[in-house]
Each structure stands twice: as structure tokens, then as C-alpha cells.
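Just so we're aligned, residue -4 is where the sequence shown starts under my numbering, counting upward by one. Beta carbons are placed, not taken as given, at the ideal position from N, Cα and C, and that holds for glycine.
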Amino acid sequence: MSQPTTAAKLASGQDQVASCQDDLLGKISEMEKSLGKISQMEKSLGKIWEMKKSLGKILETEKSLSKIPEMEESLGQLFDLTKSITEELCLLLPIPHVRTAIPISTVIDGSPNHEAVNLYPRLTHSSIPPTLAPKSIATVVSAYDKIYCVASPSCFPLSSEPSFERYDPDRNIWEEMPSFPFYRHYDTYMDITGYAICYGVILFSLCGWKENNSDVVAFHESRKRWNRVQVETSIRYAPFHGRAVVVGKTICALHGDEFIGFSFSMDKGNDDIIAYSLRKIFALRGLEIASPPWPFCDYKTEYLVHLGNLDFFHMKTGCCDVNIEVQFLCITTFQVVVGDGGRDMIKTINSTVHSVDIKDLDWFWLVFCFTSDFGDYEPISDKQECIMDENSFLDGGNYTTMAKKEETKQGIAARKLEEIAARQLEIRNYRKICTSNMRIQKPRSATT
-4 MSQPTTAAKL ASGQDQVASC QDDLLGKISE MEKSLGKISQ MEKSLGKIWE MKKSLGKILE
56 TEKSLSKIPE MEESLGQLFD LTKSITEELC LLLPIPHVRT AIPISTVIDG SPNHEAVNLY
116 PRLTHSSIPP TLAPKSIATV VSAYDKIYCV ASPSCFPLSS EPSFERYDPD RNIWEEMPSF
176 PFYRHYDTYM DITGYAICYG VILFSLCGWK ENNSDVVAFH ESRKRWNRVQ VETSIRYAPF
236 HGRAVVVGKT ICALHGDEFI GFSFSMDKGN DDIIAYSLRK IFALRGLEIA SPPWPFCDYK
296 TEYLVHLGNL DFFHMKTGCC DVNIEVQFLC ITTFQVVVGD GGRDMIKTIN STVHSVDIKD
356 LDWFWLVFCF TSDFGDYEPI SDKQECIMDE NSFLDGGNYT TMAKKEETKQ GIAARKLEEI
416 AARQLEIRNY RKICTSNMRI QKPRSATT
């Protein structure tokens, strides 16, 4: 038997190598395919991991949700504790030191140390019928033995007319009055802040949110006419808040810590049209009003009451951001006095904060404040000052003087306020004279 040749062996070896290479290439191809699958599996595992993390968060959320009732219970306990502490603080806060005794007629509330006062059980149902038209926001004015009700410019356009009505207590009916003619002149943020009653006219003070956005309008009671009032340029705010006090020929009002006196005049032209004007005649600073435990929000109401002579009573209230079941009243009595050096000044007699229980009720606003011992002064005319009396033009010079009892009450206080206005006018004139006499000299040119 012959042995295979070397060439045959070499060819056989090459065939085996080629076969092995084919097998190897096939395995490499399979491995490459497997690597692609591994990459896909890794991506799938990543997604599975993310899903597992999300599932863990869901499980944690479910556990947290199961604790919500416990958290609500804890929050309720915390709220009750906060409320209890708040009420205790209201009772423990000291009232300011009373420097001078005040007349018993001016004591509004005798409860000490901010004790809560419940006013609502004293309320009774009114016998006054409803107004002719509903008014979402309105100002109610008691003037000349009638009650006037005017819709605020902030609720324009009105749902129905009349916008201005008057209640006659003798006939127990509401009467339609000439509509407020200036609604379209204001934006929707304009509101009536206060009013003054004098010489047969009701003056309404208005203010908006924009800076220097204020106005004063007048309604004549017997003529039943509306007019704009020319206001002195130095008055850049709503002059009245609540009802202004009229003492003699002076309209007194508060603005912040300032006690301001205004002069109101009316001039009749040849066309039978009356020109109204309001001018500031004095301003006294220094009124000290006690602050509530929590500050009032932007919307506040306040009221000034005359107690006779130069004694006054001021009340202020508003809502707070704190969720409590009481509303605070800042009550202040003060006098206008002559201080050291003959300087007119305000002397705060007493200022304190009282709390009113308003549980389950909304915030309330001050609509009317009064004292039975000293009624509101509503002069119709004054024979000493024709310009102040529009009725004198209408009656051909037949003046109607004020009642003797009102003359007695108002006389001394009116004269003192007129003296204050005169003194401040002298001071202003003196300053003008001093300023006009000042001369600024040019420096002389240097000479050599």
C-alpha cells in the first residue's frame, strides 16, 4: 500500500484549515448576533430597573397616603393650639397708659385688657324697607333727617337703577334721587371713602388705587343737583374717611396721624351755577393710635366723632391676614390744645384696642358712629358768611340761622378752630415774606 504524497497531505491540511476558518467565522458571526441581543437585553434591564424605582416611589407614596389621616389629626391639634395661644395673647396684651380721665359719656366699652365683646345679640331686625334697587357696595349717609344711599363707583356698571336713593322716615319709603353722574369718569377701583354734611350739601370723598387718584363731589339737598368740587392742589388724597366733623365753618377730618381742618366755599356765577371749592386751612400732627396685635390689611374703615368743645373720638377697624375669630377695634380719644410756646397740637387722652367676637361671621365695617350726648352738627346756613350758604342765593338773602342750642355747643369750639387756622395762616404768610426778602448776591469779580 502506497503512502500519501506530501502534496496530498498539504492539500488535506489546507482543506482542514479552511474548514476550521469557516467554523470560526460562523461562530464569530453568531457571537456578534449574541452581542446585539445582549445590548438589547441591557436596555431592557435598564427599563426594568427604572420601572422598579418608579414602583418603589409608588409604594412609598401609598405608605405616605396611609399616614395622611394621622397628619391631618396632628395639623388639627396644632391649629387648635395656635388658636388657643392667639386668644390668650389677645387677653394678655396690655392697654396703653391712660394719662387723663375721660368723661363717662365717652366710655364705649368698660371691659379691661382687650376682653372680647359680643355686639351681635344687641342687633334687632330693621323696620326700614329694602331699597328700590339692590346695591352690592353702597355708602349710607344720615343727613338732614333723611337717610341717603348711593352705589359705589366700584360696582359700575350697575345691575339696575336707581343708583342713588333717599329714605323718608316720616313716610317710611325710599325715594329715587338723581343718579350719580360720575360713574364713567372713574375706574372700577374708585370707591367712596367718606363724606361731610354742611350748608345743605353732602360732600362725598372718593379714592382709587392709583397714586393721586382722588376726587370730591357735592350733592345739594334742596336743589337735588350733583357738582364737582374744586380741591386745593396741596390735597393729594381723599380728604374724608367716614363722616367728617363740622365745627362752625370748619370741616375736621383725620388722615393718618394728621388732624386736618378744611374750609368749604360756594360761589354763584351769573349763569346760576354754583362753584364749589375745598381748601386745607390747618393740619396738626401727633395723634397716637394704639395698634392691634396683628396689622390691618389695606382695606380699613374709620370714623371721627365730635364730643364737644375740642374733644374728639376716633374709631378704626379692618380685617387681618391671621385666621382668628375676633376683630379688633382701635378706639382713641384726643383733644386739640395749645402747647408750649403757643403752638397748636394734638393731645392723645386715651387709645386702646378692643376685640369683638365674630365667630362664624364675616368681617364688619364701620358705617355710623355717634354719641347721644352731642349730636352731629348739620348747618343749613350761616348769616355771618354768605359765601358758605348756597341757600342764601336761593332765598334772596333770607338767612336761616342755626338753633340756639347748637350755637351754644359749637360756638367756643368753632372760634378756637378759627383761631388755629388764623395762626397757621400767619405762620405761612410770615414764611413767604421771609423767603421773598432773601436775596442771592452774585459774587463780585476778582480784581488784581
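Measuring straight from C-alpha to C-alpha, what distance separates residue i and residue j?
i      : j      : result
Gln330 : Glu297 : 18 Å
Val196 : Ile268 : 15 Å
Asn265 : Cys247 : 31 Å
His301 : Lys130 : 30 Å
Ser286 : Trp360 : 17 Å
Cys202 : Lys52  : 55 Å
Gly281 : Val226 : 25 Å
Asp182 : Val240 : 28 Å
Phe257 : Lys219 : 24 Å
Lys28  : Lys48  : 31 Å
Pro288 : Val317 : 10 Å
Phe159 : Pro148 : 12 Å
Phe277 : Tyr294 : 27 Å
Leu194 : Val136 : Sequence check: residue 194 is Tyr here, not Leu. Cα to Cα, Tyr194 sits roughly 15 Å from Val136.
Tyr162 : Ile142 : 5 Å
Cys364 : Leu299 : 8 Å
Lys38  : Met46  : 12 Å
Ser174 : Lys354 : 38 Å
Gly337 : Met172 : 48 Å
Cys15  : Lys22  : 10 Å
Pro176 : Asp140 : 24 Å
Asp339 : Ser155 : 49 Å
Lys214 : Trp358 : Sequence inspection shows Phe at residue 214; the Lys mentioned does not correspond to that position. Approximately 30 Å between the Cα atoms of the pair.
Val212 : Lys275 : 16 Å
Put residue i into one of helix, strand or coil per three-state DSSP.
i      : result
Lys219 : coil
Tyr139 : coil
Ser446 : A query on residue 446 cannot be resolved here, the shown segment of the chain reaching from -4 to 443 and no further.
Lys354 : coil
Gly303 : coil
Asp186 : strand
Asp335 : helix
Arg209 : According to the sequence displayed, residue 209 carries Ser and not Arg. Residue state, collapsed to three classes: strand.
Glu320 : coil
Gly459 : Lying outside -4 to 443, the shown extent of the chain, residue 459 is not represented and no answer is given.
Cys144 : strand
Lys31  : It is worth fixing the name first, because residue 31 is Gly in this sequence and not Lys. Gly31 falls in the helix class under three-state DSSP.
Glu275 : Note that residue 275 corresponds to Lys in the displayed sequence, not to Glu. Strand, per DSSP.
Glu373 : coil
Gly243 : coil
Ser39  : helix
His349 : strand
Gly237 : strand
Ile341 : strand
Glu385 : Here the model assigns Glu385 a pLDDT of 37, short of 50, so the residue's position is not dependable and the matter cannot be decided.
Tyr178 : helix
Gly51  : helix
Ser24  : helix
Trp289 : coil
Pull the bridge partners of residue i from the DSSP assignment, please.
i      : result
Ser227 : Residue identity differs from the one stated: residue 227 is Glu in this sequence, not Ser. None; Glu227 has no bridge partner.
Asp262 : Ala270
Ser14  : Ser14 pairs with nothing; no bridge assigned.
His250 : Glu253
Phe151 : Per DSSP, none; premise fails for Phe151.
Met310 : Tyr298 and Ile326
Asp163 : Ile168
Thr452 : Past the boundaries of the shown model lies residue 452; the chain is included only from -4 to 443, so the question cannot be answered.
Phe214 : Ile197 and Trp221
On the criterion of 16 or more Cβ atoms from any shown chain inside 10 Å, does residue i qualify as buried, or is it exposed?
i      : result
His236 : buried
Asn432 : Per-residue confidence for Asn432 stands at a pLDDT of 44, beneath the threshold of 50, marking its modelled position as unreliable; the derived number appears in the next sentence. Burial call: exposed.
Tyr190 : buried
Pro124 : exposed
Gln35  : exposed
Tyr373 : Checking the sequence, you will find Glu at residue 373 rather than Tyr. Classification for Glu373: buried.
Tyr271 : buried
Thr347 : buried
Met26  : exposed
Pro157 : buried
Arg166 : exposed
Val12  : exposed
Arg179 : exposed
Ile238 : Inspection of the sequence shows that residue 238 is occupied by Arg rather than by Ile. Looking at its Cβ environment, which holds 16 or more other Cβ atoms inside 10 Å, Arg238 is buried.
Cys325 : buried
Trp44  : exposed
Val224 : buried
Leu273 : buried
Less than 8 Å between the CB atoms is what I'm expecting for residue i and residue j, so what's the real figure, rounded?
i      : j      : result
Val321 : Val351 : 6 Å
Ser200 : Ala233 : 5 Å
Ile132 : Cys150 : 5 Å
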